[in-house]
Amino acid sequence: MQERLSLCETHSNQLEITGDQLTGQVLGDIVDGVAKNRFVESACARFDLNKRSAIVIGDGANDLLMMADCGLSVA
Numbered sequence: 088m089q090e091r092l093s094l095c096e097t098h099s100n101q102l103e104i105t106g107d108q109l110t111g112q113v114l115g116d117i118v119d120g121v122a123k124n125r126f127v128e129s130a131c132a133r134f135d136l137n138k139r140s141a142i143v144i145g146d147g148a149n150d151l152l153m154m155a156d157c158g159l160s161v162a
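As numbered in the numbering used here, residues 88 to 162 make up the sequence shown, in order.
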């Protein structure tokens, strides 16, 4: 999706694939709600913005913390 949408940066769980099949395993750390919120806060600080300037996209309950104070949240 990152390439398809020409996004410069994305963060998500990386699913393990063997051959052409998903194994059901996640590679690396699980990206949970706390990690997502921490990333948004870090990105905003890096660009000297507040969370009200952020646009975030999520698809589950663990995205609510990240979406809490953002200017635009898409679910």
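For glycine and all other residues, C-beta sits at the position ideal for the given N, C-alpha and C.
All of these numbers come straight from a predicted model, not from anything done at the bench.
Contact check, R139 vs G158, beta carbons under 7 angstroms | Yes, they are a contact pair.
Going by alpha carbons, who is nearest to N124 out of I144, Q108, T110?
-> Per the C-alpha coordinates, the member of I144, Q108, T110 positioned closest to N124 is I144.
Could you pull the start and end residues of the alpha helix (DSSP H) that L136 belongs to?
-> Here L136 belongs to no alpha helix (DSSP H), and DSSP marks it neither H nor E.
Same chain, Cβ closer than 6 angstroms to A162, neighbours up to 5 away in sequence not counted = The answer, listed in chain order, is G145.
Taking the C-alpha atoms as reference points, what is the distance between A141 and C131?
-> For A141 and C131, the gap between their C-alpha atoms comes out near 7 angstroms.
Pick out whichever of Q108, L94, N149 has its Cα sitting closest to the Cα of I117.
-> The shortest C-alpha to C-alpha distance from I117 to any of Q108, L94, N149 is the one to N149.
Go through its chain and collect everything with a Cβ distance to F126's Cβ below 7 angstroms, but skip five positions before and after it.
-> In the same chain as F126, and ignoring 5 residues on each side of it, the C-beta atoms closer than 7 angstroms to its own belong to H98, in chain order.
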